[in-house]
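Student: Okay, handing you the structure first.
Structure below.
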């Protein structure tokens, strides 16, 4: 067993304290929101830190009122559409582009690298972007949630780095056996690239789930908003439409307040991502690490 010096022990204790404080500051907003969402009106309006709810007075009335509102289910429908369709299409385009850039004999390779890198450094600006979206007929169109986020330069660079780290002999052997580029990609490259594909899928899914700007800028039809824009409206409007919902009983309205409705809505919006992440966590670190082996 390695004996640590006094200085190393003090350094480790200092690190543990810093990391514990950092973990607390990271978790506290979530714990606070969860605690408020499970609290009665009186508990939620009381002063002080709310890390855990009062287990003797836990109520799920805020969640009942949130789920009784048909608008959140409609918002979930569009959020699931953009997350699933957007992630799948983005993976296809990103992996195709990254794989092409990883090939040493790609014609005009330098041009395509500069082309995608240019988008990381420069932007057309908000007004030209809005006019472009409008000219494409994407205002109040659900595809505005998907097409503008179809490809990002950073994801292309990460995928290119991973594909470039794979042995070139795999492609050469497959070509000798008569395989074409698409067959090589889908039957050889993709099975070997699960870590980076799952990592990109996680990044894209989280980005689509959390993205609210498109809905705010390009969607004026309240029936086509996503969950994040629904939450934004709930917070801004003070929840009066939910608290006064005719489907809610008088007793339910007594037990909830705008604060508990806000908190319950936020928890409902992030729950799917929390459930999804554990299934892809094992690929996350491996994918990022392998993607950085070769530039």
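Numbering (our numbering), first residue to last: 1469 to 1763.
Beta carbons are placed, not taken as given, at the ideal position from N, Cα and C, and that holds for glycine.
1) Count the other CB atoms within 10 Å of the CB of residue 1524; is the residue buried (16 or more) or exposed (fewer)?
2) Along the chain, where does the alpha helix (DSSP H) containing residue 1479 start, and where does it finish?
3) Smallest Cα separation from residue 1520: which of 1513, 1504, 1510?
4) Which whole-angstrom value describes the C-beta separation of residue 1729 and residue 1702, a residue pair presumed to lie in contact below a C-beta threshold of 8 Å?
5) Can you list the alpha helix (DSSP H) stretches of 4 or more residues lying completely in the region 1628-1714, in chain order?
6) Assuming residue 1567 contacts residue 1656 under a Cβ cut-off of 8 Å, what Cβ separation, rounded to an integer in Å, is found between them?
7) Measuring straight from C-alpha to C-alpha, what distance separates residue 1745 and residue 1558?
8) Using C-beta distances below 8 Å, list every residue in its chain close to residue 1727, excluding the 5 sequence neighbours before and after it, in chain order.
9) Would you call the region 1659-1673 in contact with the region 1542-1555, where contact means no fewer than 3 C-beta pairs closer than 8 Å?
10) Are the CB atoms of residue 1601 and residue 1616 within a distance shorter than 9 Å?
11) Residue 1541 lies in the alpha helix (DSSP H); which residues open and close that run?
12) Pairs of beta-carbons, one from the region 1621-1628 and one from the region 1638-1654, closer than 8 Å: are there three or more?
13) Taking the beta carbon of residue 1628 as the centre, do at least 16 other beta carbons fall within 10 Å, making it buried, or is it exposed?
14) Rounded to the nearest angstrom, what separates residue 1535 and residue 1682 at their Cα positions?
15) Cα separation between residue 1576 and residue 1537?
16) Report, in whole angstroms, the separation of the C-beta atoms of residue 1694 and residue 1613, which I expect to be a contact under 8 Å.
17) In the structure shown, what three-state DSSP assignment does residue 1735 receive?
18) Return yes when the Cβ of residue 1665 is within less than 9 Å of the Cβ of residue 1502, no when it is not.
19) Can you name the start and end residues of the alpha helix (DSSP H) that residue 1587 belongs to?
20) Between which residues of its own chain and residue 1684 is the CB-CB distance below 8 Å, once the five residues before and five after are set aside?
21) Going by the beta-carbon positions, is the gap between residue 1653 and residue 1564 smaller than 9 Å?
22) Under a Cβ-count criterion, where at least 16 other Cβ atoms within 10 Å of its own Cβ denotes burial, should residue 1533 be classed as buried or exposed?
23) CB-CB under 8 Å to residue 1691, same chain, minus the five flanking residues each way: which ones, in chain order?
24) With 16 other CB atoms within 10 Å as the buried threshold, where does residue 1582 fall?
25) Quick one: what's got a C-beta closer than 7 Å to residue 1618's C-beta in the same chain, skipping five residues either side?
26) For residue 1490 and residue 1496, I'd like the C-alpha separation in whole angstroms.
27) Could you tell me the distance, in whole angstroms, from the CA atom of residue 1632 to the CA atom of residue 1659?
28) Select from 1749, 1740, 1747, 1748 the residue whose C-alpha is nearest the C-alpha of residue 1548.
Tutor: Here's the rundown:
1) Residue numbering aside, residue 1524 sits at position 56 when the chain shown is read from its first letter. Around the beta carbon of residue 1524, a 10 Å sphere encloses fewer than 16 other beta carbons of the protein chains shown; the residue is thus reported as exposed.
2) Numbered from 1 along the chain shown, position 11 holds the residue referred to as residue 1479. Boundaries of the alpha helix (DSSP H) around residue 1479: 1474-1505.
3) On the chain shown, residue 1520 is found 52 positions in, with the first residue counted as 1. Minimum Cα distance to residue 1520 is reached at 1504.
4) Stepping through the chain shown from its first residue, residue 1729 is reached at position 261. Stepping through the chain shown from its first residue, residue 1702 is reached at position 234. That pair is a contact at about 7 Å.
5) Whole alpha helix (DSSP H) segments, 4+ residues: 1636-1644, 1649-1652, 1662-1678, 1681-1686, 1695-1705, 1708-1711.
6) The count along the chain shown starts at 1 and reaches residue 1567 at position 99. The count along the chain shown starts at 1 and reaches residue 1656 at position 188. That belief does not hold up - the Cβ atoms of residue 1567 and residue 1656 are roughly 11 Å apart, past 8 Å.
7) As a position in the chain shown, residue 1745 is number 277, starting the count at 1. As a position in the chain shown, residue 1558 is number 90, starting the count at 1. Answer to the nearest angstrom: the Cα atoms are 19 Å apart.
8) Taking the chain shown and counting its residues from 1, one reaches residue 1727 at position 259. Cβ neighbours of residue 1727 beyond the five flanking positions: 1504, 1512, 1513.
9) Contact between the region 1659-1673 and the region 1542-1555 is present: three or more C-beta pairs spanning the two stretches fall below 8 Å.
10) Within the chain shown, residue 1616 is the residue found at index 148, counting from 1. Within the chain shown, residue 1601 is the residue found at index 133, counting from 1. A contact, by the Cβ cut-off of 9 Å.
11) To locate residue 1541, count along the chain shown from 1; it is residue 73. Residues 1538-1570.
12) Short answer: they don't touch.
13) For the purposes of this step, residue 1628 is taken as the residue at position 160 of the chain shown. Per the 10 Å Cβ criterion, buried.
14) Position 67 of the chain shown, counted from the start, is the residue given in the question as residue 1535. Position 214 of the chain shown, counted from the start, is the residue given in the question as residue 1682. Looking at the two C-alpha atoms, the distance is approximately 24 Å.
15) Mapped onto the chain shown, residue 1576 falls at position 108. Mapped onto the chain shown, residue 1537 falls at position 69. Going from the Cα of residue 1576 to the Cα of residue 1537 covers about 54 Å.
16) The sequence position of residue 1694 within the chain shown is 226, counting from 1. The sequence position of residue 1613 within the chain shown is 145, counting from 1. Going by Cβ atoms, the distance from residue 1694 to residue 1613 rounds to 7 Å, so yes, they are a contact pair.
17) Looking up residue 1735 in the chain shown gives position 267. Here DSSP, grouped into helix, strand and coil, assigns residue 1735 to helix.
18) Here residue 1502 corresponds to residue number 34 of the chain shown, with the count starting at 1. Here residue 1665 corresponds to residue number 197 of the chain shown, with the count starting at 1. Contact: no.
19) Sequence index remark: in the chain shown, residue 1587 carries index 119 (1-based). Annotation for residue 1587: the continuous alpha helix (DSSP H) segment containing it runs 1577-1589.
20) Sequence index remark: in the chain shown, residue 1684 carries index 216 (1-based). Excluding positions up to five away in sequence, the list reads 1697, 1700.
21) Locating residue 1653 in the chain shown gives position 185, where the first residue counts as 1. Locating residue 1564 in the chain shown gives position 96, where the first residue counts as 1. Contact: yes.
22) As a working note, residue 1533 is residue 65 in the chain shown. That one is buried.
23) As a position in the chain shown, residue 1691 is number 223, starting the count at 1. If the five residues before and after residue 1691 are omitted, its C-beta is found closer than 8 Å to the C-beta atoms of 1542, all from its own chain and listed in chain order.
24) Within the chain shown, the letter at position 114 stands for residue 1582. Exposed, since its Cβ has fewer than 16 Cβ neighbours within 10 Å.
25) By 1-based counting over the chain shown, the position of residue 1618 is 150. Residues of the same chain with a CB within less than 7 Å of the CB of residue 1618, apart from the 5 flanking positions on each side, are 1557, 1558, 1561 in chain order.
26) Position 22 of the chain shown, counting from 1, holds the residue named residue 1490. Position 28 of the chain shown, counting from 1, holds the residue named residue 1496. Between residue 1490 and residue 1496, the C-alpha separation is close to 10 Å.
27) To locate residue 1632, count along the chain shown from 1; it is residue 164. To locate residue 1659, count along the chain shown from 1; it is residue 191. Their backbone Cα atoms lie some 15 Å apart in a straight line.
28) Reading the chain shown from its first residue, position 80 is the one you call residue 1548. Comparing Cα positions, the closest option is 1740.
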